[in-house]
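Worksheet: the structure to be examined is printed underneath.
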Amino acid sequence: MKIVFDLDEVVFDWINDFLQYVDKYWDQLELEDERVDPAIRKATSADADSWEFFSKWGLNRRLFEKTYNKYCDDRQFASCPPTSPDIAADIGWLSECGVEIVYCTSRPLKTILDTRASLDSNGIHWDKIYHCGAYLSKMNSVLRLTKEKPNLEYIDGISQKKDVFLIEKPDIVLDDKLEYILEAYEAGVPESIVVAMKYNEEWREKNSVRGLGRKSAKTGFSFTNSNKWRSVFYEILKVKNKMTKAKV
Ligand SMILES: [Mg+2]
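The numbering of the sequence shown is my numbering, which starts it at 337 and goes up by one.
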């Protein structure tokens, strides 16, 4: 069995880390001069009610890209904390059960070694890491790190998570972004787990039993109860168990 994990808001607590970075470097980033609402300095991921959560405080796309680029250059992804201290043990257990652990993220290409550093320093098992970083990197390429072949590889001509799903053919994909969940479905991934966030709540409600946003009404999709790792891991075990039983 193979699982493709998204990183941010699934394994790593990126939104909070980014918001803390904005607060810490507020003066250097000169965001006040750009009329960004200082309320962003006290915000948390609980305030992220849309995919472009930052625009709520007047951090427009141009300013976001500038700030995000600096966050990447300052190598913040190397120290971005996991969403839970239990992740290392839980993913380690999945690996011992024979699950191949693959991460696929839209973080910029240039941050892939920082991703590896943070997985390693937190003791989180990985077999492969993909960075699909057309964003900021402006290159239609994917970078791959494989533990068995420790070379960093360029995979030219592909730039989307969908392409990685087609190459890897995972059994399960986890993501908090619907676009990627739907790409997984189109790529023929049998099971996709939507990590519940405010910005995918409406879609979950539309596609759930009795519109409650908890139990998926669509075959091949399931939702976590919350964005807490406990809930994410529980859903993985449930789906894994269902697939194992179906194979017998
Ligand atoms: Mg994510």
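Where is the CB? At the ideal position from N, CA and C, for every residue including glycine.
Treat the numbers as computed from the prediction; the structure is a model and nothing was measured.
The shortest CA-to-CA distance from T403 to any of P418, T419 and E370 is the one to E370. For V575, the uninterrupted alpha helix (DSSP H) run begins and ends at W565 to K583, by DSSP. Following the DSSP letters along the chain, one finds V509 inside the beta strand (DSSP E) bounded by residues I508 to D511. The straight-line gap separating the alpha-carbon atoms of E537 and W462 is approximately 29 Å.
Nearest to E345 by C-alpha distance, out of T419, E436 and R411, is T419.
Short note on K338: C-beta not closer than 8 Å to any heavy atom of ligand 1.
About 5 Å separates the CB atoms of T482 and K464; that is less than 8 Å, so the two are in contact.
At the C-beta level, K498 and A520 come within 9 Å of one another. Separation of W393 and L365 (C-alpha to C-alpha, rounded to the nearest whole angstrom) is 15 Å. Distances between the C-beta of D385 and the heavy atoms of ligand 1 are all 8 Å or more. Considered as a whole, the stretch 407–495 harbours 423–432, 448–457 and 470–473 as its complete alpha helix (DSSP H) runs of no fewer than 4 residues, in chain order. For the pair K378 and K576, the Cα-to-Cα distance works out to about 38 Å.
Annotation note: the stretch 515–559 contains the following uninterrupted beta strand (DSSP E) runs of length 3 or greater, listed N- to C-terminal: 527–530 and 557–559.
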